[in-house]
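Presented below is the structure to which this report refers.
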Amino acid sequence: MTDSSPRSSAPADETAATKQGIKIVGFLCNWCSYGGADTAGVCRFKQPTDLRVVRIPCTGRMDPLFIAKSLIYGVDGVLVSGCHPRDCHYAVGNFYARRRMEAFKAFLPFMGIDTQRFKYTWVSASEGQQWQKVVTEFSEQIHRLGPNPGVRLRSGDNSKVSSGLR
Amino acid sequence: MLENDRNQLHKLVEEALPELDMMIGWAESCDPLQTTPVFIRDAKSISKLTLGPFCSQNLAGYLVKPPALDAPPKPDAKPIGICVKGCDSRSLVALIQEKFITRDRVRIFGIPCRGTVDFRKVAQRVPLANVKSATMEGDSLVIDDSGTPLRLDLEEVLARKCLGCRYPNPVIQDVVIGQEAKPRSSSLAATYRDVAAMDAKPLEERLAFWQSELDRCIRCYACRNACPLCVCQDRCIVETREPRWLTQRVGIPEKFLFHFIHAMHLAGRCTGCGECERVCPMDIPVTLIKEKLNKIMEEMLGYSAGLDPEAVPPLLTFNPGETEI
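Chains A and B, in that order, are what the protein sequence lines are.
According to the numbering used here, the stretch in the first sequence is residues 231 to 396, in order.
According to the numbering used here, the stretch in the second sequence is residues 539 to 863, in order.
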């Protein structure tokens, strides 16, 4: 996290997964959720430490492939957060994002990736408390799922599954 | 019947050729189970043109890739003639929709299609080198391999995408050649039955399936090159260094990410023409990935790509009112 990003204290109960280093990537819109996270920090709300924040100019910048790449290469969870619908700084960015996220979310499990590892939500700059709730809940969810196995073949798992399609 | 259609095609092309820059169609190749694309500029070559169940290539892609489009068209350029099946015509509509070509730039020869033969399925039954000729007789394919003629049921040898085809007749055309064809499927469920079969499996099995399928991928990018809607050409992000999405490593994650990139860039645009799967040298069911996204688009946003030239692909637009999509 950068210096300007919200400071967070350690979660109350440190689970085994924390020690293994659960990594969650958060893509936050500069105008709302990034501010919301900042508000949460300024108010000294307790937050989990698993989140790495990437600041994006708008959720409209959010390419679903950012999420794909993260999850394929073994990031444990991806959280995307932006302005509430109709509150976008650029008027319509999050409307585009909403369709993309929804389609991507429905598509992920088809490729064998757990859709619970991805969440998108809307948090405004003033909603520090809401941000704390979102990030805590999502972090707990990822801790329950455990580390992301990714898509790599485990050794001894090389047996060919016949597609039966041709 | 096929002979009549072919003669009709030759006649129509002969009439139209003086007004055309070139004619893109299929011609017989050395292999009786496959045709090859031809680019015709002179009347002598018209007799090469053919149609039928072996014309599996989607020619629409040639309109946005060389040699048909080496340079931006001049304003006074003559239109290009092109033969399209039902699925190919949807690719054309998608290209018109996204303004890669204009409607008046193409003269469309629509060909109702009764399904295309996947020669790899035939190869499983009879060694390809033995096949002397192949003809359609009703609902079966008759293979002459210099022994007793072998009759194969059409369902067994048709390409996978053809089995659930809803649009065998061109959705856009200037002239039609031959009789209207009957759709093989009229419902979403029949069209997407392979997707449904995958969805019914548990998550771990799906992952294992794709790991094993995509493990074979050699990243030749044939699927991308054959795709009529992969229009970024030399700016494709799987090959650019800046931004650098993919490395040259040969691991499974790279292969997954490549197919994610291909699929997501086609989300809401893919017309399901099946070219990616047809050209795959490793027999990976790559179209299945796009079929899932097409299904999501139809169910979530009620949109099928390549039907209406005026429509906007759903991921390139939005609707503020949809709170629960």
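For glycine and all other residues, C-beta sits at the position ideal for the given N, C-alpha and C.
Subject >> Neighbouring residues, chain A, relative to glycine 789 of chain B (Cβ below 8 Å) >> reply: Within chain A, the residues whose beta carbon sits less than 8 Å from that of glycine 789 of chain B are Arg382, listed in sequence order.
Subject >> Collapsed DSSP secondary structure at proline 570 of chain B in the structure displayed >> reply: DSSP, read as helix, strand or coil, puts proline 570 of chain B in coil.
**OP:** Output the distance between the C-alpha atoms of glycine 590 of chain B and leucine 784 of chain B, rounded to the nearest integer angstrom.
**Re:** Their backbone Cα atoms lie some 40 Å apart in a straight line.
**OP:** Flag this pair as yes or no: are the beta carbons of isoleucine 799 of chain B and isoleucine 775 of chain B separated by less than 8 Å?
**Re:** Cβ atoms of isoleucine 799 of chain B and isoleucine 775 of chain B: closer than 8 Å.
Subject >> Cut-off 6 Å between Cβ atoms - residues of its own chain near cysteine 593 of chain B, not counting five sequence neighbours on either side >> reply: Apart from sequence neighbours up to five positions away, the residues of its chain that approach cysteine 593 of chain B with a beta-carbon distance below 6 Å are Trp564 and Thr573, ordered along the chain.
**OP:** Can you check the region 571-656 of chain B for any beta strand (DSSP E) of at least 3 residues that lies completely inside it and give the ranges in chain order?
**Re:** Fully enclosed beta strand (DSSP E) runs of 3 or longer: 573-578, 618-622 and 644-648.
Original post:
If the cut is a Cβ gap below 8 Å, which residues of chain B does aspartate 344 of chain A touch?
Top reply: The CB of aspartate 344 of chain A comes closer than 8 Å to the CB of Leu741 in chain B, given here in chain order.
Original post:
Is it true that the CB of cysteine 259 of chain A sits closer than 8 Å to the CB of isoleucine 286 of chain A?
Top reply: Annotated as proximal: isoleucine 286 of chain A and cysteine 259 of chain A, with beta-carbon spacing under 8 Å.
Original post:
On the three-state DSSP scale, how would you describe methionine 835 of chain B?
Top reply: Helix, per DSSP.
Subject >> Exposure label - methionine 736 of chain B; buried when at least 16 CB within 10 Å >> reply: Here methionine 736 of chain B is buried: its Cβ has 16 or more other Cβ atoms, across all protein chains shown, within 10 Å.
Original post:
At a Cβ threshold of 8 Å, is leucine 745 of chain B touching chain A?
Top reply: Yes, leucine 745 of chain B counts as interfacial toward chain A.
Original post:
Between the Cα of serine 567 of chain B and the Cα atoms of B:Glu837, B:Ala728 and B:Pro575, which residue gives the shortest distance?
Top reply: Just measuring C-alpha positions, the residue of B:Glu837, B:Ala728 and B:Pro575 sitting nearest serine 567 of chain B is B:Pro575.
Subject >> Three CB pairs or more closer than 8 Å across the region 722-734 of chain B and the region 747-762 of chain B >> reply: By the Cβ criterion, the region 722-734 of chain B is not in contact with the region 747-762 of chain B, since fewer than three pairs of Cβ atoms, one from each stretch, lie closer than 8 Å.
Original post:
Are any of the Cβ atoms in chain B nearer than 8 Å to that of phenylalanine 296 of chain A?
Top reply: Judged by the 8 Å Cβ criterion, phenylalanine 296 of chain A is not in contact with chain B.
Subject >> Whole-angstrom distance between glycine 342 of chain A and aspartate 839 of chain B, CA atom to CA atom >> reply: For clarity, residue 839 of chain B is leucine in the given sequence; the question names aspartate instead. Answer to the nearest angstrom: the Cα atoms are 23 Å apart.
Original post:
Going along chain B in order, which residues have a C-beta closer than 7 Å to the C-beta of phenylalanine 337 of chain A?
Top reply: Result: Lys830, Leu831 and Ile834.
Original post:
leucine 696 of chain B and threonine 654 of chain B: beta carbons closer than 8 Å?
Top reply: Against a cut-off of 8 Å, the Cβ pair of threonine 654 of chain B and leucine 696 of chain B comes out as a contact.
Original post:
Is tryptophan 361 of chain A helix, strand or coil when you go by DSSP?
Top reply: Under the three-state reduction of DSSP, tryptophan 361 of chain A is assigned to helix.
Original post:
For arginine 285 of chain A, does the three-state DSSP call read helix, strand or coil?
Top reply: Strand.
Original post:
Over what stretch of residues does the alpha helix (DSSP H) that includes alanine 672 of chain B continue unbroken?
Top reply: In this chain, alanine 672 of chain B is not harboured by any alpha helix (DSSP H); it is covered by the beta strand (DSSP E) spanning 671-675.
**OP:** Look up aspartate 753 of chain B in the DSSP assignment and say whether it is helix, strand or coil.
**Re:** For aspartate 753 of chain B, the three-state secondary structure derived from DSSP is helix.
Original post:
Got a sec: which bits of the region 310-327 of chain A sit with their beta carbon under 8 Å from any beta carbon on chain B, in order along the chain?
Top reply: Of all residues in the region 310-327 of chain A, the ones placed with a Cβ closer than 8 Å to any Cβ belonging to chain B are Pro315, Arg316, Val322, Phe325 and Tyr326, in chain order.
Subject >> Contacts around serine 369 of chain A, its chain only, beta-carbon distance under 6 Å, and the 5 residues preceding and following it disregarded >> reply: Same-chain partners within the cutoff: Pro278 and Asp280.
Subject >> Beta-carbon separation (whole angstroms), arginine 382 of chain A vs phenylalanine 856 of chain B, contact threshold 8 Å >> reply: Cβ atoms of arginine 382 of chain A and phenylalanine 856 of chain B stay farther apart than 8 Å, at about 36 Å.
Original post:
So is isoleucine 756 of chain B in contact with chain A if we call contact Cβ pairs under 8 Å?
Top reply: With 8 Å as the cut-off, isoleucine 756 of chain B does not count as an interface residue toward chain A.
Original post:
Just by C-beta distance, which residues in the region 342-366 of chain A are closer than 8 Å to chain B?
Top reply: Those would be Gly342, Ile343 and Asp344, in chain order.
Original post:
Cβ of isoleucine 372 of chain A less than 8 Å from any chain B Cβ?
Top reply: No, isoleucine 372 of chain A lies away from the interface with chain B (no Cβ there is under 8 Å from its Cβ).
Subject >> Check whether leucine 767 of chain B and serine 629 of chain B have beta carbons under 8 Å apart >> reply: In this structure, serine 629 of chain B lies closer than 8 Å to leucine 767 of chain B by Cβ.
**OP:** Could you say which of B:Pro570, B:Leu547 and B:Asp569 lies nearest to methionine 561 of chain B if we only look at CA atoms?
**Re:** When B:Pro570, B:Leu547 and B:Asp569 are compared, the shortest CA-CA separation from methionine 561 of chain B is found for B:Leu547.
Subject >> Any chain B beta carbon closer than 8 Å to arginine 330 of chain A >> reply: Chain B, which has a Cβ nearer than 8 Å to the Cβ of arginine 330 of chain A, makes this yes.
Original post:
methionine 736 of chain B touches chain C at which residues, Cβ-Cβ below 7 Å?
Top reply: No chain C appears in the structure shown, which is made up of the protein chains A and B.
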